[in-house]
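Numbering (the numbering used here), first residue to last: 36 to 233.
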Ligand code: HEC
Ligand code: HEC
Ligand code: HEC
Ligand code: HEC
């Protein structure tokens with residue numbers, strides 16, 4: 036009776052084994068990838084400013100610390116869970132750098148000194164603050180402007196923006212609303228359309 040039982044169930048056991056073993060391997064492979072992605076701090080390897088392999092990213096990170104002549108903890112702890120004021124500012128600066136398609140040393144000489152584009156850059160940061168935009172509203176990489184960027188290039192020229200500043204833009208645009216038009220702005224737009232016969 037026992038013999039018969041064994042004989043009858045021999046094949047199904049092999050069948051089950053064949054089904055289960057690949058699953059086991061599958062699971063091992065899965066936990067492997069999960070573990071490697073956990074050992075890299077996933078949340079931290081996500082800033083678009085950093086590109087390329089781990090070595091290239093590490094080199095970029097070192098370059099920043101060297102440029103400013105500071106330790107890593109000037110900006111954040113080792114786990115990248117706590118950021119200082121400078122660290123938070125650097126996040127904003129990284130977004131700006133990505134939009135412009137440049138590195139930090141495009142504007143920074145060191146922590147205390149800036150390149151000759153400092154005033155221009157400061158005005159740009161101020162404009163973004165007033166209008167509620169980010170740099171990528173107008174900048175699309177190195178020496179490239181978005182359509183909105185081209186429009187504002189004209190506005191900068193016609194309104195002497197470098198000397199007159201961004202406040203004058205509020206005559207027609209609403210503060211913090213990414214250049215949405217106010218009532219007067221709409222009147223101007225309609226008049227423009229009238230002139231063009233639209
Ligand atoms: C001037 C500020 C500053 C300094 C100095 C600095 N970091 Fe960072 N680091 C940052 C910011 C900001 C981020 C992006 C964090 C984010 O987007 O959440 C970052 C990201 C990183 C990342 C993740 C990189 C990636 O691919 O996203 C690593 C790793 C790192 N830093 C390590 C270091 C080490 C090691 C040092 C010292 C050699 C250092 N940092 C010095 C500001 C700094
Ligand atoms: C387009 C020019 C520009 C680029 C690119 C730029 N910065 Fe800045 N950064 C400035 C200006 C201008 C200031 C001073 C004004 C301010 O603090 O808002 C500044 C200030 C800072 C400060 C504050 C310094 C202080 O005195 O406390 C930090 C930190 C900083 N930048 C980090 C970075 C890092 C990191 C990068 C590269 C990822 C970077 N910046 C790229 C223009 C730039
Ligand atoms: C409303 C549109 C607009 C926004 C937003 C904007 N810029 Fe600009 N920016 C321009 C225009 C237009 C120029 C002039 C480009 C030219 O003359 O070809 C310019 C030029 C510059 C220049 C000098 C040219 C260069 O590429 O070096 C810098 C530096 C700059 N912007 C930095 C920034 C930074 C940093 C931010 C975000 C904090 C920003 N801009 C946001 C429109 C904008
Ligand atoms: C006298 C009114 C007036 C003033 C002042 C003015 N604008 Fe405008 N702006 C307009 C009108 C009208 C439009 C919409 C027509 C168009 O898109 O060409 C517009 C559109 C724009 C746009 C495109 C917005 C989008 O979402 O497509 C940008 C960017 C812009 N202006 C930037 C500026 C800047 C920067 C200043 C200040 C230096 C400024 N404008 C001052 C009337 C004005």
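All residues carry an ideal CB built from backbone N, CA and C; glycine is no exception.
| Query | Result |
| --- | --- |
| Counting only beta-carbon separations shorter than 7 Å, does residue 102 have a partner in chain B? | The chain inventory of the structure shown lacks chain B, comprising one protein chain alone. |
| Rounded to whole angstroms, what is the Cα-Cα separation between residue 141 and residue 169? | 18 Å |
| What residue range is occupied by the uninterrupted alpha helix (DSSP H) comprising residue 213? | Unbroken run through residue 213: none, as it is neither H nor E. |
| Residue 81: buried (16+ other C-beta within 10 angstroms of its C-beta) or exposed? | exposed |
| Would you report the Cα separation of residue 103 and residue 148, rounded to the nearest angstrom? | 10 Å |
| For residue 135, which residues from the same chain have a beta carbon less than 8 Å from its beta carbon, with the 5 sequence-adjacent residues on both sides left out? | 141, 170, 174, 176, 177 |
| Quick one: is the Cβ of residue 166 within less than 6 Å of any heavy atom of ligand 2? | no |
| Spell out the partners DSSP gives residue 172 in its beta bridges. | Partner(s): none; residue 172 has no beta bridge. |
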